[in-house]
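Protein sequence lines correspond, in order, to chains R and A. Going by full-length UniProt numbering, the first residue of the first sequence is number 1, and it counts up by one from there. Going by full-length UniProt numbering, the first residue of the second sequence is number 1, and it counts up by one from there. The beta carbon of each residue, even a glycine, is placed where N, CA and C say it ideally should be. None of the values given here were measured: they were computed from a predicted structure.
2 protein chains.
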Amino acid sequence: MLNLKRDRSTPLYTQLKNVIEEKIKAGEWEPEQQIPSERELGKEYAVSRITVRQAIDLAVNEGLLYRTHGKGTFVATPTIKQELSKVDSFQSTLSQQGLVASTDIVKAEMAVTDLQLSTLLNVEMMDRLYNLQLVGYGDELPIVFYDSFFPVDVGEQVTEAARKEKEAGRPFTTLDLYKNIPDIAPTHSKQTFESVLADERIAKVLKLDEVTPIFKVTSIIYMGERAIEYRTSYYKGDKYKFFITRSIQ
Amino acid sequence: MLNLKRDRSTPLYTQLKNVIEEKIKAGEWEPEQQIPSERELGKEYAVSRITVRQAIDLAVNEGLLYRTHGKGTFVATPTIKQELSKVDSFQSTLSQQGLVASTDIVKAEMAVTDLQLSTLLNVEMMDRLYNLQLVGYGDELPIVFYDSFFPVDVGEQVTEAARKEKEAGRPFTTLDLYKNIPDIAPTHSKQTFESVLADERIAKVLKLDEVTPIFKVTSIIYMGERAIEYRTSYYKGDKYKFFITRSIQ
DNA sequence: AAGTGGTCTAGACCACCGA
DNA sequence: CGGTGGTCTAGACCACTTT
């Protein structure tokens, strides 16, 4: 009964968690039903009890199961917790490649500097800026539009990296691109979040027919004291959630 | 250097997590600073590496630390919490914009427990929940609607505190109220942010005539391991922005 | 090469639950 | 009492990062 393979790319406990998830989704294990004990599962799938516990930890964290000391582990009735854990993680949006299945380059060109931007990015008005526009797709549907401005030296490198990633068929955001540019290492960002309605331009890019709420995120990305990117991102509100954990003082 | 006691009531890893938390709060370990490796901590506190990992798992889950494979474990930047907690302090946000803030209690009553909520807040289905609904105003105009659910013991104390604040004419959110309840000290929260359109209920509460984008924030507020509040907040999108600073790894 | 976190094992004792 | 999850140990090897 050992369906699990020792494969370095996906850990055993993740594989086991997926098995558990499948059983629940297939209805083989029904809500409130007790599942086999940790020791039994370990024997069945030929893994140690600690590995089973890690798998169950994951499933509990996702709201699929719950444990009761001395009684056993049970299938949870679908909960809010589950809903929350499926939400895109803030981190993954910013740094991992996450759920965006593909990325398109809409525009990559020099742009005229306006006063606000030139002040912000600390370039001369005579200098030009680089404008990079990307669209992120999930399941073939556009879900996010990025509109970024850079100082020219940064913009050219980022665009070159973008073309390479695009050619390789990998999805990316500008943050991912920075990883491929040795000289440029963003340190922090400042962001504002707003809820707005799509205007005509955004509706066109994101292929929206009707009135749709949009998540507008304005980011300034810094390398130390220097602002290296000004970005406005528009996320389809019904497709995207942000998730954070924070401590309270 | 072994401050930890083998005490059956509080596990070693919880004790160690508390030690870590203290060091961070005392400033002994500063933001972005690397903390000792798992093996070092194990040696220092005379516990196994797995126990250290469990402690760090807890701290990571609460947003105190983050790990990077091959590099180490680091103290998370508290800027996220600071900027965002300003957001939650209703009065300061509004007064910065020159608006006069006030809060109204819409509803404060026992509610029937639904399965999702009871699982989340870890109460029995037979128990009841407490539902508190608040509206925040800026210059007499409603800008935000809070819909919170608590276990009864928490809910009653929060509601009492709310009535006192209301009587004193001070604006408040539930986070402000916790400060006035000695027994209840939230440690962290998990939140999702989405952009939605106002439904009929929200439109009525926030007095909206037309299609309006709404900022919907879902929060679960924890005291340690225990969830003490489930809150959905609806902010008028054209009146509210959220701001954060975050570091990039 | 050395150090880090990530995964995994085999075994142990405990506290809680139900028969 | 036996079975369950909860905690804990002392190792081991891996993948990743930095020196």
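Restricting attention to alpha helix (DSSP H) runs no shorter than 4 residues, the UniProt domain "HTH gntR-type" (10 to 78) of chain R encloses them at 12 to 25, 38 to 45, 49 to 61, ordered along the chain. Per DSSP, reduced to three states, the secondary structure at Glu210 (chain A) is coil, with no helix or strand assignment. A Cβ-Cβ separation of about 7 Å places Tyr130 (chain R) in contact with Thr159 (chain R) under the 8 Å criterion. When secondary structure is reduced to three states using DSSP, Ile181 (chain R) falls in the coil class, being assigned neither helix nor strand. Between the C-alpha atoms of Phe149 (chain A) and Ile181 (chain R) there is a straight-line separation of about 48 Å.
Taking 9 Å as the cut-off between beta carbons, the residues of the segment 155 to 188 of chain R near chain A are Leu175, Tyr178, Ala185, Pro186, Thr187, His188, in sequence order. With contacts defined as CB atoms closer than 8 Å, Val217 (chain A) and Ser195 (chain A) fail to qualify as a contacting pair. With a 10 Å radius around the Cβ and a threshold of 16 neighbouring Cβ atoms, Lys190 (chain A) comes out buried.
From the beta-carbon of Glu62 (chain A), the residues of chain R found nearer than 8 Å are Thr245, Ser247. DSSP places Lys190 (chain R) outside any alpha helix (DSSP H); the residue lies instead in the beta strand (DSSP E), whose first and last residues are 188 to 197.
For Ile244 (chain R), the enclosing beta strand (DSSP E) stretches over residues 242 to 247.
At a Cβ-Cβ threshold of 8 Å, Lys239 (chain R) and Ile105 (chain R) do not count as neighbours. Non-local beta-carbon contacts of Thr212 (chain A) in its own chain, meaning distances under 6 Å to residues more than five positions away in sequence, involve Ala198 in chain order. Under DSSP, Thr159 (chain A) takes part in no beta bridge, so it has no partner. One finds Lys241, Phe242, Phe243 in chain A with Cβ atoms closer than 7 Å to the Cβ of Thr192 (chain R), taken in chain order.
Just measuring C-alpha positions, the residue of R:Phe215, R:Met110, R:Arg246 sitting nearest Tyr235 (chain R) is R:Phe215. In the structure shown, the three-state DSSP call for Thr174 (chain A) is helix.
Residues of the same chain with a CB within less than 8 Å of the CB of Leu177 (chain R), apart from the 5 flanking positions on each side, are Val158, Ala161, Ala162, Glu165 in chain order.
Taking each of A:Glu22, A:Tyr45, A:Ala76, A:Gly72 in turn and checking the Cα distance to Arg246 (chain A), the smallest one comes out for A:Ala76. The Cβ of Val106 (chain R) sits no closer than 8 Å to any Cβ of chain A. Put simply, the CB of Thr14 (chain A) is far from chain R, with every gap to its CB atoms at 8 Å or more. Below the 7 Å Cβ cutoff, chain A contributes Ser195, Pro213, Ile214, Phe215, Gly237 as neighbours of Ser195 (chain R), in chain order. Listed along the chain, the chain A residues whose CB falls inside 8 Å of the CB of Leu4 (chain R) amount to none; the nearest CB is some 21 Å away.
In this structure, DSSP gives Arg128 (chain R) a state outside helix and strand, which the three-state scheme calls coil.
Think of a sphere of 8 Å around the beta carbon of Leu84 (chain R): the chain A residues whose beta carbon falls inside it are Lys190, Thr192, Thr218, Ile220, in chain order. The beta-carbon separation of Phe145 (chain R) and Ile221 (chain R), rounded to 17 Å, does not stay under the 8 Å limit for a contact.
Distance between Tyr66 (chain A) and Lys204 (chain A), taken at the CA atoms: about 42 Å. Lys5 (chain A) places its beta carbon 8 Å or farther from that of Leu58 (chain A).
Here Asp209 (chain A) is exposed: its Cβ has fewer than 16 other Cβ atoms, across all protein chains shown, within 10 Å.
In the three-state DSSP reduction, Leu141 (chain R) falls in the strand class (E or B). Here DSSP, grouped into helix, strand and coil, assigns Leu84 (chain R) to helix. In the displayed model, Ala101 (chain A) falls within a strand according to three-state DSSP. For Ala203 (chain A), the enclosing alpha helix (DSSP H) stretches over residues 200 to 205.
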